[in-house]
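Residue numbers (our numbering): 1 to 196.
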Amino acid sequence: MSYLEKLKLGNEKFISKIKTESDFKEQFERLARAQNPHTIVITCSDSRVVPEYIFHCEIGELFVVRTAGGVLDSVALATVEFAVSAFDVKQIVVLGHTNCGAIAQAIKHLDEKENENPLLQKLIPIVTNVYRDITDEKDLLNRSVIENVKEQIRILENSELIANKVKNKEVSIIPAVYNLETGRVEFLKIENGRNI
1 MSYLEKLKLG NEKFISKIKT ESDFKEQFER LARAQNPHTI VITCSDSRVV
51 PEYIFHCEIG ELFVVRTAGG VLDSVALATV EFAVSAFDVK QIVVLGHTNC
101 GAIAQAIKHL DEKENENPLL QKLIPIVTNV YRDITDEKDL LNRSVIENVK
151 EQIRILENSE LIANKVKNKE VSIIPAVYNL ETGRVEFLKI ENGRNI
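Here you go:
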């Protein structure tokens with residue numbers, strides 16, 4: 001069976017579930033009219049990081065923004081701003097993950113003065129800041145993941161729209177890291193009254 005056939009078969013199973021399970025059918029019909037997610041999740045495109053599974057959420061509960069490394073560029077940030085203004089979201093979870101391939105690539109390219117890859121242009125400075133203090137490669141990767149989460153939060157906080165929602169206590173920003181080996185999400189500690 002080809003990968004396309006696998007996707008087609010999976011979609012047929014999904015449609016069958018809509019038709020046969022009354023609770024799911026009602027939910028699906030309601031969501032076809034409108035969505036009202038309670039949480040925005042900003043995370044990596046890594047195929048092993050699936051917020052709906054990780055947080056055991058139903059369709060329509062999460063508004064998920066995925067990019068390699070969970071990096072917010074102008075389009076991803078505009079997507080978050082859209083969701084904050086269009087829906088009654090209560091929180092934005094910035095979810096990094098262990099063994100992130102995008103950050104591992106940035107570590108491999110640390111010695112390059114210039115890199116034309118826009119993703120690595122954003123990640124290399126983050127890793128460089130961590131690299132000054134750490135020489136162990138695994139520790140460097142894991143600490144860089146946390147530093148990347150912090151950097152994405154700084155980007156969110158520089159958005160006037162999001163900053164106002166946070167200031168008015170309409171939305172909170174929550175830093176977290178998903179462990180690929182255990183499945184556990186560690187919600188990072190709050191320092192000085194801020195999530196970092």
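Ideal placement from N, C-alpha and C gives every residue a C-beta, glycine not left out.
The model shown is predicted, which means the values in this text are computed figures rather than measured ones.
| Item | Value |
| --- | --- |
| Residues near F63 in its chain [Cβ-Cβ closer than 8 angstroms; skip 5 each side] | Q35, P37, T39, I40, V41, A83, F87, V89 |
| For I196, the three-state DSSP class (helix, strand or coil) | Low local confidence applies: a pLDDT of 49 at I196 is under 50, so the model's placement there is unreliable, and no value is given. |
| Neighbourhood of L140 by C-beta, 7 angstroms cutoff - its chain only, sequence neighbours within 5 removed | I107, V130, Y131, I134 |
| Touching by the beta-carbon criterion (3+ pairs, under 8 angstroms), the segment 96 to 104 and the segment 171 to 190 | yes |
| I103, enclosing alpha helix (DSSP H) - first and last residue | 101 to 108 |
| Cross-strand partners of V177 (DSSP beta bridge) | G96, E186 |
| Own chain partners of V171 with C-beta closer than 8 angstroms, once the 5 adjacent residues on each side are dropped | V84, V89, K90, Q91, I92, I162, K165 |
| Chain-order list of residues whose beta-carbon lies under 8 angstroms from that of I59 (same chain, five-residue window excluded) | Q27, F28, L31, E52 |
| Reduced DSSP secondary structure (H/G/I, E/B, other) of F14 | helix |
| K6 versus K13: straight-line alpha-carbon distance, rounded | 11 angstroms |
| Integer Cβ distance of V250 from I103, believed to fall under 8 angstroms | The structure shown does not extend to residue 250, since the chain is modelled only from 1 to 196, so the question has no answer here. |
| Status (buried if at least 16 other CB within 10 Å, exposed otherwise) for T43 | buried |
| Three-state class that DSSP yields for I134 in the structure shown | coil |
| Cα-Cα separation, M1 to A78 | 39 angstroms |
| Q152 versus K113, S74, Q105, residue with shortest Cα-Cα distance | S74 |
| CA-to-CA distance, D23 to G70, given in whole angstroms | 33 angstroms |
| Where V145 falls, given that 16 or more other Cβ within 10 Å makes a residue buried | buried |
| T20, buried or exposed, once every other Cβ within 10 Å from all chains shown has been counted against 16 | exposed |
| Opening and closing residue of the beta strand (DSSP E) in which F63 lies | 62 to 67 |
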